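**Student:** I have a structure I would like to understand better, so I am pasting it below and will then ask my questions one at a time.
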Amino acid sequence: MEDTINLYLGSSCRNNGTSNAKAAIGICINDDVSNPILQVIEDPAITNQRADLIAIKEAINNSKSKKVVNIYSRSEYAVNSVTIWGEKWKSSGWLSKKNIKNPELIKEILDTIALSREEGILVNIIFVNKNSQLNGILAAQHRANILLIDS
Numbered sequence: 794m795e796d797t798i799n800l801y802l803g804s805s806c807r808n809n810g811t812s813n814a815k816a817a818i819g820i821c822i823n824d825d826v827s828n829p830i831l832q833v834i835e836d837p838a839i840t841n842q843r844a845d846l847i848a849i850k851e852a853i854n855n856s857k858s859k860k861v862v863n864i865y866s867r868s869e870y871a872v873n874s875v876t877i878w879g880e881k882w883k884s885s886g887w888l889s890k891k892n893i894k895n896p897e898l899i900k901e902i903l904d905t906i907a908l909s910r911e912e913g914i915l916v917n918i919i920f921v922n923k924n925s926q927l928n929g930i931l932a933a934q935h936r937a938n939i940l941l942i943d944s
């Protein structure tokens, strides 16, 4: 379908959880694995989980011209944070809870999904098992790793 876009996400984080952590994301569009969107993340609070959430945010922001947006990620944490847990956290006053990581980023993604819905755009965020061999996922992950090594 011409109004549908499939986005495959990959991310990489070096020195995860330390003050010198560095991350990169890759986003492959539809079946084009040769020309992914790549970005080094400049964020002093970066972790692998935060990079996965940033990849979802960037994927949504790069797909506003379509009516159906399918985002595939191997991060169970990121997918669950914006599909299952996020609305529950939001309704229970999550910003005051200290055990939820990345609440401002999750809220931003949820707000963007809600705005997209109001504009008639359906955003589907889909968890893909770590063992999946989807070309788009593998290419996005590989290119994010290379970008991180080269930067």
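Residue numbers (the numbering used here): 794 to 944.
All C-beta atoms, glycine included, are put in the ideal place defined by N, C-alpha and C.
Quick caveat, the model's predicted, so the values are computed rather than measured.
1) Please classify Ala838 as buried or exposed, where buried requires at least 16 neighbouring CB atoms within 10 angstroms.
2) In whole angstroms, what is the alpha-carbon distance linking Leu903 and Leu846?
3) Considering only residues of the same chain and omitting the five flanking positions on each side of Gly913, which have a CB-CB separation below 6 Å?
4) Throw me the rounded Cβ distance for the Ser805 and Ala817 pair, which I believe falls under 8 Å.
5) Buried or exposed for Gln926, please, with buried defined as at least 16 other CB atoms from any protein chain shown within 10 angstroms of its CB.
6) For the alpha helix (DSSP H) that contains Gln832, what are its first and last residues?
7) For Phe920, which residues from the same chain have a beta carbon less than 6 Å from its beta carbon, with the 5 sequence-adjacent residues on both sides left out?
8) Considering only residues of the region 893-921, which uninterrupted beta strand (DSSP E) runs meet the minimum length of 3 residues and lie entirely inside it, listed in chain order?
9) Please confirm whether any heavy atom of the ligand FMN lies closer than 7 Å to the CB of Lys860.
10) Lys923 and Arg867 - do their beta-carbons sit closer together than 8 Å?
11) For the candidate residues Gly879, Arg910, Val916, whose alpha-carbon lies nearest to that of Lys900?
12) Just the Cα atoms here: how many angstroms apart are Glu835 and Gly803?
**Tutor:** Checking against the coordinates, here is how it stands:
1) It is exposed - the Cβ of Ala838 has fewer than 16 other Cβ atoms within 10 Å.
2) Those two C-alpha atoms are separated by around 11 Å.
3) Cβ neighbours of Gly913 beyond the five flanking positions: none.
4) Cβ-Cβ separation between Ser805 and Ala817: approximately 5 Å, consistent with a contact (criterion under 8 Å).
5) Counting the other CB atoms within 10 Å of its CB gives Gln926 a total below 16, which places it among the exposed residues.
6) First-last for Gln832: 825-834, but that is the beta strand (DSSP E), not the alpha helix (DSSP H).
7) So the qualifying residues of the chain are Glu869, Val872.
8) You should have 915-920.
9) Only the bare structure without any ligand can be found here, which leaves the ligand FMN out of the picture.
10) For Arg867 and Lys923, yes; Cβs fall inside 8 Å.
11) Across the set Gly879, Arg910, Val916, the C-alpha of Gly879 shows the shortest separation from the C-alpha of Lys900.
12) Between Glu835 and Gly803, the C-alpha separation is close to 17 Å.
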